[in-house]
Amino acid sequence: MATESDYSNKHVEFVAPEPTAEEQAELDTMYVEMDKLHMKPLWTQIGGLMPNSPEPRAVAHKWEWDRLIKLAQRAGDLVPVGRGGERRAIGLANPGLGGPTYIAPTLWAAIQYLGPGENAPEHRHSQNAFRFVIEGEGVWTVVNGDAVPMRRGDFLLTPGWNFHGHHNIATEPMTWLDGLDIPFAYQMDTGFFEYGSEKLTDESTPDHSRSERLWAHPGLRPVAFPGGTVSSPIGRYAWEHTDAALNDQLALEDAGYPGVVEPGHAAIRFSNPTTGGDVMQTIRAEFHRLRPNATTKPLQEVGNRVFQVFEGSATISVGEETFEVAHGDVVNIPSWKTWSIVAGGDGIDLFCFSDHPIFEKLALNRTLTHEGI
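The sequence shown begins at 1 in our numbering and counts up by one.
Structure representation (structure tokens):
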């Protein structure tokens with residue numbers, strides 16, 4: 001693990017002499033010629049292109065659930081779901097990124113709202129996507145013809161280029177968190193989109209999807225599918241398994257066995273059962289549970305995180321910002337900003353997703369712990 005001194009500034013400053021008036025005139029003429037040829041000299045912009053450490057434009061911000069859900073409900077009254085609009089999803093726009101609906105330079109997050117009896121038509125896109133259900137039930141998402149139930153606490157996948165739509169059979173609306181790698185795909189010019197059928201390919205309501213019945217058995221995989229898959233084949237990671245895994249980690253801590261991240265802090269990572277790696281190539285997903293008043297050590301990482309509070313309360317510190325969070329609130333952590341969490345008196349459950357797999361695959365990942373702070 002790196003220490004703070006590993007990233008200290010160790011260069012010796014060299015200041016070039018100021019140009020004479022004649023030299024400046026020649027430089028100005030040269031720069032005009034460069035502009036005409038769409039060229040830029042490195043020496044005038046190296047500080048911005050190659051800072052000593054990351055200087056993210058994204059800022060830490062909190063989106064309050066009480067306000068999000070009210071706007072989603074209002075949109076449900078005013079905005080129909082159907083071909084064209086496709087989804088009643090409200091993106092969370094980071095105030096530091098100048099307007100795009102990006103929560104981070106590589107990540108997109110939104111609150112999606114589906115009213116009783118409504119269908120969201122099928123489509124597919126090259127961007128990877130997931131859903132996390134903060135509350136409610138009664139919606140099924142259909143992924144490549146596989147009807148997948150969506151219930152409170154469930155984490156659901158729609159890897160890139162899978163057809164998917166949603167249908168709500170309940171008498172109440174349902175709201176969930178969407179996460180995608182839209183900004184990354186946009187910046188890389190890799191985005192493709194295609195409409196599917198007007199009618200969902202499967203409007204059944206099974207308790208378990210086909211993908212769960214094949215793949216979601218702990219430590220077991222079907223012999224008929226021996227190879228690894230790019231993204232996890234599991235469509236739904238059910239809350240009952242997440243909850244049990246976190247409870248068992250804390251129970252084992254009480255019994256003196258290792259397994260928690262740090263005292264009072266249990267965490268699991270959703271994984272691809274065919275590889276043991278992340279569920280998708282560009283997105284990591286985790287769930288964290290802190291006991292009442294437990295704390296995390298301050299941490300800096302290359303990459304962006306987003307937390308949503310499932311239950312409980314906490315104080316989340318990000319750089320110089322401090323956020324008091326409760327049920328449903330969403331907080332983002334920009335790259336290389338020091339962050340830590342102090343759980344409230346009732347403890348806290350937190351869903352988390354990040355873009356860390358991108359940087360790890362490119363060997364651009366760095367982590368700095370602040371021991372003793």
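Every residue, glycine too, gets a C-beta built ideally from N, C-alpha and C. All values derive from a computational prediction rather than experimental measurement.
- Residues of the same chain with a CB within less than 6 Å of the CB of Glu-321, apart from the 5 flanking positions on each side, are Ala-60 in chain order.
- Residue His-327 holds the alpha-carbon nearest to the alpha-carbon of Glu-135 among Ile-103, His-327, Ser-335 and Ala-147.
- Here Val-309 is near Val-325, since their CB atoms are less than 9 Å apart.
- Note on Phe-225: under 16 other CB atoms within 10 angstroms of its CB, so exposed under the neighbour-count rule.
- With a cutoff of 9 Å on beta-carbon distance, His-265 and Leu-299 are scored as not near each other.
- For His-241, the enclosing alpha helix (DSSP H) begins and ends at 239-254.
- Cβ atoms of Asp-202 and Ala-110 stay farther apart than 8 Å, at about 24 Å.
- Closest in alpha carbon position to Asn-332, among Pro-263, Gly-145 and Ala-104, is Ala-104.
- Looking at the DSSP output, Pro-149 sits in a beta bridge with Trp-140.
- Note that the region 196-212 does not touch the region 248-268; fewer than 3 beta-carbon pairs, one per stretch, sit closer than 8 Å.
- When C-beta atoms of the region 272-279 are compared with those of the region 226-234, three or more pairs fall below 8 Å, so the two segments count as touching.
- Under the three-state reduction of DSSP output, Pro-105 falls in the coil class, being neither helix nor strand.
- Judged by their CB atoms, Gly-85 and Gln-127 are not nearer to each other than the 9 Å cut-off.
- Look at Glu-360 here: in three-state DSSP terms it is helix.
- Counting the other Cβ atoms within 10 Å of the Cβ of Ser-53 gives fewer than 16, which makes it exposed.
- Burial is judged here by how many other beta carbons sit within 10 angstroms of a residue's own beta carbon; Met-39 has fewer than 16 and is exposed.
- Contact annotation, Leu-97 with Arg-57: C-beta distance approximately 6 Å; criterion of less than 8 Å satisfied.
- Going by beta carbons, Phe-323 and Lys-62 fall inside the 9 Å limit.
- According to the DSSP secondary-structure assignment, Trp-339 is paired through a beta bridge with Leu-299 and Val-318.
- For Ala-267, the enclosing beta strand (DSSP E) starts and ends at 265-269.
- No Cβ-Cβ contact shorter than 9 Å links Arg-131 with Leu-92.
- A distance below 6 Å between beta-carbons, with the five flanking residues on each side excluded, links Met-280 to the following residues of its chain, in chain order: Asn-128, Pro-159 and Ser-231.
- CA-to-CA, the gap between Ser-335 and Ala-21 works out to about 42 Å.
- Our two residues, Gly-347 and Glu-311, have alpha carbons roughly 8 Å apart in a direct line.
- In the three-state DSSP reduction, Phe-132 falls in the strand class (E or B).
- Annotation: Glu-360 to Ala-285 spans about 15 Å, alpha carbon to alpha carbon.
- The C-alpha of Val-139 is placed about 13 Å away from the C-alpha of Pro-121.
- Looking at the backbone, the Cα of Val-318 and that of Met-150 are separated by about 32 Å.
- Bridge partners of Gly-312 according to DSSP: Ile-348.
- For Tyr-257, the three-state secondary structure derived from DSSP is coil.
- Taking all protein chains in view, the Cβ of Asn-168 is crowded by 16 or more other Cβ atoms within 10 Å, so the residue is classified as buried.
- If you ignore the 5 residues before and after Ala-170, its C-beta comes within less than 6 Å of the C-beta of Pro-116 and Gly-138, all in its own chain and listed in chain order.
- Between the alpha carbons of His-125 and Thr-141 lies a distance of about 15 Å.
- Distance from the CA of Ile-90 to the CA of Asp-181, rounded to the nearest whole angstrom, comes to 16 Å.
- Bounds of the alpha helix (DSSP H) holding Ala-21 are 21-36.
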